[in-house]
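A.B. asks: Count along the sequence shown starting at 1, add 47, and that's the number in this note's numbering.
Have a look at this one before I ask anything.
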Amino acid sequence: MGGSVAGWLAGAVLGVVLLVAGIAKRVDRGWPAAARALGAPAWAIAPLPWVEIGLGAVLISGLLRPWPAALAAVLLVLFTVLVVVNLARGRRPPCACFGARSHEPISALSVLRNVGLLGLAAVAVVA
């Protein structure tokens with residue numbers, strides 16, 4: 048496993064978030080439409096839940112550290128850019144980050160949440 052307990056714990060928490068998000072998207076039949084409304088690229092919509100589930104599981108396991116945390120950080124940056132672009136254009140589609148459980152429109156809180164998750168990813172990468 049390698050690394051510190053703090054690094055593993057940060058990665059595990061981030062892994063749980065990604066695992067829950069991926070599963071929630073998989074069971075929400077309306078998630079693809081919500082992802083399109085947010086502006087997600089069509090090619091990314093179908094595989095994204097599986098990527099989140101797999102990445103979450105690897106982060107929880109602590110295997111291959113720090114690479115899964117670095118990949119999660121890239122994913123979170125992409126999500127954050129998508130949210131910021133929508134907000135800058137005055138658009139506030141539903142987040143759909145956790146499938147049907149997250150139907151509130153995106154906001155500055157969405158950005159702050161992602162920044163917090165990026166912090167966890169950073170700890171998991173460097174600790």
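Think of the CB as a built atom: it goes at the ideal place given N, C-alpha and C, for glycine as much as any other residue.
Shortest alpha-carbon distance to Val98 belongs to which of Leu156, Pro152, Ala169 and Leu118?
C.D. replies: It is Leu118 whose Cα lies nearest to the Cα of Val98.
A.B. asks: Whether or not the region 51–58 and the region 123–133 are in contact is what I'm after, with contact meaning three or more pairs of Cβ atoms, one per stretch, closer than 8 Å; do they touch?
C.D. replies: Counting Cβ pairs under 8 Å, fewer than three are found: no touch.
A.B. asks: Restricting to Cα atoms, I'd like to know which of Gly69, Ala169 and Pro141 is closest to Ala120.
C.D. replies: When only C-alpha atoms are compared, the closest one is Ala169.
A.B. asks: What first and last residue would you give for the alpha helix (DSSP H) that runs through Leu110?
C.D. replies: Looking at the DSSP string, Leu110 is not in any alpha helix (DSSP H), and its letter there is neither H nor E.
A.B. asks: Measuring CB to CB, does Leu167 end up less than 8 Å from Val60?
C.D. replies: Their beta carbons are under 8 Å apart, which means Leu167 touches Val60 by this criterion.
A.B. asks: Give me the Cα-Cα distance between Glu151 and Phe145, rounded to the nearest whole angstrom.
C.D. replies: In a straight line, the C-alpha of Glu151 is about 11 Å away from that of Phe145.
A.B. asks: Which of the three DSSP states, helix, strand or coil, is assigned to Pro152?
C.D. replies: In this structure, Pro152 counts as strand in the three-state DSSP scheme.
A.B. asks: Just mark Ser154 as buried or exposed, buried being the case when its beta carbon has 16 or more other beta carbons within 10 Å.
C.D. replies: With fewer than 16 other Cβ atoms within 10 Å, it is exposed.
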